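Here the sequence shown is numbered in the numbering used here, starting from 467 and rising by one per residue.
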Amino acid sequence: MTKEVILTGIRSNAELTLGNYLGAVLPMVQLQKEKHESYDLHFFIPDLHSFTTPVDHSTLYKQTIDHLRTFAAAGFDLNNKSTKIYRQSFIPAHSELFTILNNFAYMGELSRMTQFKDKNEQADTVSSGLFTYPVLMAADILLYGASWVPLGDDQKQHLELTRDLALRFNNKFGETFVVPHEWNKQLEFSHRDNGVRIRSLSNPTKKMSKSVDDPRGTILLSDTPEEATKKIMSATTDDLSEIDFDFEKRPGISNLLQIHSLLTNQTIDQVLELWRSKTSYGDLKTVVSKSVSDFLGTYHEKLAQISPEIVETKLAEDEAILNERTASLLFQAQKSVGLRK
Ligand code: ATP
Ligand code: MG
Numbered sequence: 467m468t469k470e471v472i473l474t475g476i477r478s479n480a481e482l483t484l485g486n487y488l489g490a491v492l493p494m495v496q497l498q499k500e501k502h503e504s505y506d507l508h509f510f511i512p513d514l515h516s517f518t519t520p521v522d523h524s525t526l527y528k529q530t531i532d533h534l535r536t537f538a539a540a541g542f543d544l545n546n547k548s549t550k551i552y553r554q555s556f557i558p559a560h561s562e563l564f565t566i567l568n569n570f571a572y573m574g575e576l577s578r579m580t581q582f583k584d585k586n587e588q589a590d591t592v593s594s595g596l597f598t599y600p601v602l603m604a605a606d607i608l609l610y611g612a613s614w615v616p617l618g619d620d621q622k623q624h625l626e627l628t629r630d631l632a633l634r635f636n637n638k639f640g641e642t643f644v645v646p647h648e649w650n651k652q653l654e655f656s657h658r659d660n661g662v663r664i665r666s667l668s669n670p671t672k673k674m675s676k677s678v679d680d681p682r683g684t685i686l687l688s689d690t691p692e693e694a695t696k697k698i699m700s701a702t703t704d705d706l707s708e709i710d711f712d713f714e715k716r717p718g719i720s721n722l723l724q725i726h727s728l729l730t731n732q733t734i735d736q737v738l739e740l741w742r743s744k745t746s747y748g749d750l751k752t753v754v755s756k757s758v759s760d761f762l763g764t765y766h767e768k769l770a771q772i773s774p775e776i777v778e779t780k781l782a783e784d785e786a787i788l789n790e791r792t793a794s795l796l797f798q799a800q801k802s803v804g805l806r807k
């Protein structure tokens with residue numbers, strides 16, 4: 467019996483942050499551990515999505531490889547038999563299917579995508595690449611018949627668009643695509659219903675983000691322990707002078723407690739046993755700085771052991787296999803629309 471496919475990816479548009487690590491890298495490592503025996507796992511870097519917003523093109527290639535090195539350093543097994551790792555742009559079928567699907571997506575539905583609307587408002591000019599990227603994302607998913615697509619909640623609409631496009635195409639041309647499961651099932655499947663959201667240290671009502679220019683609020687995985695310590699010690703807190711976990715009233719302190727709990731493998735309640743009602747924010751910051759510094763030290767050591775060549779060899783192997791495999795689904799879609807006989 468063929469196994470169901472789990473597919474997930476992360477853009478390589480900027481350096482990864484501690485938020486990405488705790489909210490995406492670690493859950494992905496966990497997902498592989500948990501599911502690799504019963505599912506096929508597709509883990510890819512959507513590198514063509516990387517410059518829907520401006521990037522430094524001179525570092526893009528290296529960044530893609532480095533993202534995969536980060537996953538390996540975090541415990542992701544690159545050589546696991548059920549796992550394929552690949553770069554979107556190395557499998558041209560993504561772009562071919564995207565071109566086909568673009569003709570079945572409506573301007574109206576793409577204009578309603580909140581990510582597009584948000585970024586459109588923030589920037590002076592917006593590329594058509596940003597406008598149509600949800601369709602490329604649909605192609606990424608449908609090309610592999612993925613049923614399960616673990617995603618952050620900012621991607622909910624894009625998953626729904628993927629389902630709509632698959633159903634629209636199947637209704638018109640007969641069963642061609644596997645329709646991925648709906649949002650709530652996805653959350654349950656990947657345990658994201660209680661998802662992690664690390665906040666900016668300088669502005670804790672906002673999330674820590676790899677593409678937002680917020681150097682004081684963002685811990686990069688490439689930061690030295692000293693740099694990270696400086697940022698934590700100057701993190702924005704509140705004037706309530708009492709430690710408790712409450713993102714509404716105490717977002718800064720809650721963010722620090724959350725980071726500490728995740729890095730030390732404790733629940734928030736366990737962390738609070740020691741810290742609840744204490745008044746010294748400085749002491750808490752010192753302890754959190756230590757857990758972040760310890761983490762970064764270990765992470766940097768592990769990362770140094772994973773060469774770009776190890777990653778590139780595995781990528782080349784998997785990309786060759788997938789280039790063959792995707793040809794048949796692409797052919798079906800081409801046939802449906804009358805491009806092949
Ligand atoms: P961008 O600004 O480029 O969108 P990002 O930091 O939001 O950068 P994404 O590429 O959108 O990163 O997301 C990659 C993964 O990291 C997603 O699974 C997302 O849910 C997760 N992630 C991003 N930021 C955080 C955060 N602050 N806390 C927890 N998880 C996060
Ligand atoms: Mg994002």
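Every residue, glycine too, gets a C-beta built ideally from N, C-alpha and C.
If you're wondering where the values come from, they're calculated on a predicted model, not measured in any experiment.
DSSP three-state label for residue i, please.
i       : result
Ser-613 : strand
His-533 : helix
Thr-474 : strand
Arg-663 : coil
Lys-547 : coil
Lys-715 : coil
Tyr-599 : helix
Lys-499 : helix
Lys-744 : coil
Lys-673 : strand
Asn-731 : coil
Met-699 : helix
Leu-738 : helix
Glu-587 : helix
Pro-691 : helix
Glu-783 : helix
I want to check one thing, is the minimum distance from the CB of residue i to the heavy atoms of the ligand ATP below 7 Å?
i       : result
Asn-789 : no
Met-674 : yes
Arg-663 : yes
Ile-698 : no
Ala-770 : no
Ser-811 : The first residue shown for the chain is 467 and the last is 807, placing residue 811 beyond what the model contains.
Thr-483 : yes
Val-678 : yes
Can you find the residues in the same chain that come closer than 7 Å, C-beta to C-beta, to residue i, ignoring five residues on each side of it along the sequence?
i       : result
Ala-632 : Leu-608, Phe-643 and Val-645
His-502 : Asn-546, Ser-548 and Thr-549
Tyr-765 : Ala-539 and Leu-687
Phe-713 : Ser-720
Lys-825 : Missing from the structure shown is residue 825; the chain here goes from 467 to 807 and no further.
Arg-477 : Pro-512, His-515 and Ser-516
Ile-772 : Arg-535, Ala-538 and Ala-539
Ala-793 : Ala-559
Gly-718 : Pro-670, Ala-701, Thr-702, Thr-703 and Asp-704
Gln-498 : Leu-507, Phe-542, Asp-543, Asn-546 and Thr-549
Can you name, in chain order, every residue of its own chain whose Cβ lies under 8 Å from the Cβ of residue i, other than the five neighbours on each side?
i       : result
Lys-585 : Thr-519, Val-592 and Leu-596
Asp-630 : Glu-575
Lys-744 : Glu-708, Ile-709 and Leu-750
Arg-806 : Phe-797 and Gln-800
Quick one: measure Cβ to Cβ for residue i and residue j, integer angstroms, because I've assumed they're closer than 8 Å.
i       : j       : result
Leu-488 : Val-662 : 5 Å
Ala-701 : Lys-622 : Their Cβ separation, rounded to whole angstroms, is 30 Å, which puts Ala-701 and Lys-622 out of contact at 8 Å.
Ile-812 : Leu-484 : Residue 812 is absent from the model: the chain starts at 467 and stops at 807.
His-533 : Leu-617 : Actually they do not touch by this definition, with Cβ atoms about 17 Å apart.
Ala-799 : Leu-563 : 6 Å
Ile-551 : Asn-789 : Ile-551 to Asn-789, Cβ: 14 Å. No contact.
Asp-620 : Gln-554 : No, Asp-620 and Gln-554 are not in contact; Cβ-Cβ is about 19 Å, not under 8 Å.
DSSP beta-bridge partners for residue i?
i       : result
Leu-686 : Thr-483
Asp-506 : Val-471
Ile-772 : Per DSSP, none; premise fails for Ile-772.
Arg-553 : Ile-511
Measuring from the CB of residue i, is there a heavy atom of the ligand MG at a distance below 7 Å?
i       : result
Ser-516 : no
Asp-784 : no
Asp-704 : no
Asp-710 : no
Asp-620 : yes
Between which residues of its own chain and residue i is the CB-CB distance below 6 Å, once the five residues before and five after are set aside?
i       : result
Lys-683 : Note on identity: in this sequence residue 683 is Gly, with Lys being the wrong assignment. Here the set comprises Ser-666, Leu-667, Ser-668 and Asn-669.
Met-579 : Pro-600 and Gln-623
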